[in-house]
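Here's the structure we're looking at; comments come further down.
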Amino acid sequence: MKVFFLVFLVSHLLNDNTEKQFSGNPIFTNFRTADASPQIWEDGKLWVYTSGDFDHATDYKQMDHYKCYSTDDMVNWTYHGVILSASDLDWGNPNEGFMFAPDAAFKDGTYYLYFPHRPVNGKGWRVGVAVSDTPEGPFIDIGNPIDGPDHIDPTCFIDEDGEAYLYWGFGRPGTPYIAKLKKNMRELAEVPSAVDYGSNDFFEAAFLHIYNGKYYFTYNQYGTSDACYAIGNSPYGPFVNKGTFAKAPEGAQSHPGIINYKNAWYYFYHRGDYTLNGVEGSLYRRSICIDYMHYNSDGTIQMIEYTDVGVSIAK
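Residue 69 in this note's numbering sits at position 86 of the sequence shown, with consecutive numbering throughout.
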């Protein structure tokens, strides 16, 4: 009996010691991933939609697909595979990948994936829409891009009143744009307008979230690739610029993905200095990471601290 109890105790201790307690960074190690779009759906899980880099990539045009992952504890992730590829698009350029940062949304029983891609003539950029009945896809392209948006990094923000808005933009420096979406989530309901974010240093990666009733517009800063933010009272702004809250990650540019899950705020980003599959990272070989985000009592965001350990189990 004593021997049995000793074996049970040792086994229990070993299981406790080997159970994963922290996410680690990067959080996905089976593939190169970038441009995280974190979402919480009706199943209570946190889903992340990503663009895809490759181990031996030498530029961005090789990015030709999107993937997704899910978790219910921020540490253990399920990989759901490729959910959309450039080869699935009738209106896209078959000779190029160029599937840059995506975003996802859910409304009236349908999941939407918004993504930038070059059209078949190879000139400029368009924003496409793919739909699915399930969060893991597969997503089916609707057959044509949205009329209006003409650049990268679309972000769909659904306000607390149910109204949906699309942001996009790029430049050196450039202008971020916003337009309300129609109820069908596939067309603009108005002429796009420039976002007044209180500065002139926008590069890419527009993103919006709400904290304590305020709207936070975040973006990648031209010239530094730092993540900056501005605070306003509506999705349109105007926003009061508050400057930098995250330095550019090692080996990559900032691409903020911000979400509250199980009473903690999380900051998703990607880095280019991790070795995966024996291959060194780079600007074109990135890996998604996650760390905590904290606010000061006045609503300003504390500087993000990048870690290798990541975040702990969320319960």
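Yeah, the Cβ is synthetic: ideal placement off N, Cα and C, and Gly gets one too.
The Cβ atoms of Asn224 and Gly196 do not sit closer than 8 Å to each other. Per DSSP, reduced to three states, the secondary structure at Ala17 is strand. Shortest Cα-Cα distance from Trp108 to any of Tyr95, Gly80 and Gly120 involves Gly80. At a Cβ-Cβ threshold of 8 Å, Val58 and Ser20 do not count as neighbours. Contact annotation: the region 175 to 192 touches the region 201 to 219, with at least three C-beta pairs closer than 8 Å.
Membership of Asp130 in any beta strand (DSSP E) is not indicated, and neither H nor E is assigned to it by DSSP. Annotated as distal: Asp179 and Gly226, with beta-carbon spacing of 8 Å or more.
Residue pairing by DSSP places Gln285 opposite no residue, since no beta bridge is assigned to it. Where Glu187 is concerned, the enclosing beta strand (DSSP E) starts and stops at Phe185 to Tyr194. Taking C-beta separations shorter than 6 Å and ignoring five residues to either side along the sequence, the partners of Ile242 in its chain run Pro21 and Tyr249, following chain order. Setting aside the 5 residues that flank it on each side, Thr258 is surrounded in the same chain by Gly264, each with a C-beta closer than 7 Å to its C-beta; the list follows chain order.
In this structure Ser280 is exposed. Its beta-carbon is surrounded by fewer than 16 other beta-carbon atoms within 10 angstroms.
Sequence-distant Cβ neighbours of Ala235 in its own chain, meaning closer than 7 Å and more than five residues away, are His253, Arg254, Gly255, Leu266 and Arg269.
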